[in-house]
Every structure is written in C-alpha cells, then in structure tokens.
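**Q**
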Amino acid sequence: MADTDFFAALDGLLASSAVVIDRPRGTGHPRYPAIVYPVDYGYLDGTVSGDGQGIDLFRGTAAGRGVVGAFVIVDPGKRDTEIKLLVDCSATEIDAVDGLLGRLSLPRAYLAR
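Quick note: to get this note's numbering, add 98 to the position in the sequence shown (first position is 1).
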C-alpha cells in the first residue's frame with residue numbers, strides 16, 4: 099500500500115470518529131506524574147488499536163492540519179505495539195511528543211506524512 103493510501107485511511111478514521119481527550123496538555127502521566135503531556139492526548143472513539151482500546155492520538159495546536167504523522171511504538175511492559183497519531187501538530191510539538199515517548203522509554207518509529 100502506498101503511503102498516500104495509508105494516510106488517506108487515517109484521515110478517514112479521524113473524520114468519522116469523535117476525538118476524546120482524556121489527558122489534556124499539561125497533565126502528568128498516570129504512572130509517572132513528573133512526565134507532563136506537551137499536547138492533548140486521547141483517542142478516536144469507536145476504533146480499536148493493538149491494545150484493544152481506541153486508536154491513540156496526540157493533538158497539537160496547529161488546527162486544521164489533520165493527521166501529520168504517527169509514531170509506532172513497542173511497549174515492552176505491556177508486550178504490545180501501538181500506533182499513536184499526530185493530529186494538528188507543529189514540528190515543535192512532534193519533537194516534544196518524541197521527547198515524551200523517550201522519557202517513557204518506549205522504542206518507536208516515526209512515520210512522516
């Protein structure tokens with residue numbers, strides 16, 4: 099599948115799903131409160147990811163940009179993999195999310211649109 103098909107499919111999921119933000123920007127991580135979310139964090143309602151929950155997303159402040167990329171992570175503690183969409187994120191916000199995932203010691207790959 100071409101990259102354009104991949105991101106078009108993600109755009110479709112975003113357009114047809116409600117975004118639920120359960121950890122607003124500035125909120126501490128539930129297990130590591132000193133690690134603070136640099137952007138809003140939540141999920142797409144009505145979807146399912148590798149962990150059986152909704153597809154995770156980070157939502158930045160660049161409204162209208164849509165899905166700009168995604169991180170694919172491996173969580174050795176949970177023994178799973180997940181995709182985390184980057185929605186409406188600027189380059190600075192993407193770097194901040196990468197830093198957050200690094201502080202959580204999550205191996206990851208970045209897929210750029």
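Heads up, the beta-carbon is just placed ideally off N, CA and C, and yes, glycines get one too.
1. By DSSP's criteria, A210 is part of a beta bridge. Which residues make up the other side?
2. Return the chain-ordered list of same chain residues with a C-beta closer than 8 Å to the C-beta of L108, the five sequence neighbours on each side being excluded.
3. Applying the 10 Å Cβ sphere with the 16-neighbour rule, what's the burial state of V146?
4. I'd like the span of the beta strand (DSSP E) that includes R121, first residue to last.
5. Helix, strand or coil, according to DSSP, for R129 in the structure here?
6. Among G158, L199, G175, R211, which has the Cα closest to the Cα of S188?
7. DSSP on F175, reduced to helix/strand/coil?
8. With a threshold of 7 Å, establish whether the CB of I153 neighbours any heavy atom of the ligand ATP.
**A** Let me spell this out:
1. In the sequence shown, residue 210 corresponds to position 112, counting from 1. A210 pairs with G167.
2. Along the sequence shown, read from residue 1 onward, the residue named residue 108 stands at position 10. Excluding positions up to five away in sequence, the list reads V165, A168, L183.
3. By 1-based counting over the sequence shown, the position of residue 146 is 48. Only exposed fits V146, as fewer than 16 other CB atoms lie within 10 angstroms of its CB.
4. As a first step, residue 121 must be located in the sequence shown, where it is residue number 23. Boundaries of the beta strand (DSSP E) around R121: 117-121.
5. Translated into the one-based positions of the sequence shown, residue 129 becomes position 31. In the structure shown, R129 adopts coil according to DSSP, grouped into three states.
6. Translated into the one-based positions of the sequence shown, residue 188 becomes position 90. Nearest C-alpha to S188: G158.
7. Numbered from its first residue, the sequence shown carries residue 175 at position 77. The sequence given here places Gly at residue 175; Phe does not occur at that position. Per DSSP, reduced to three states, the secondary structure at G175 is coil, with no helix or strand assignment.
8. Among the ligands in the structure shown, none appear at all, so the ligand ATP cannot be discussed.
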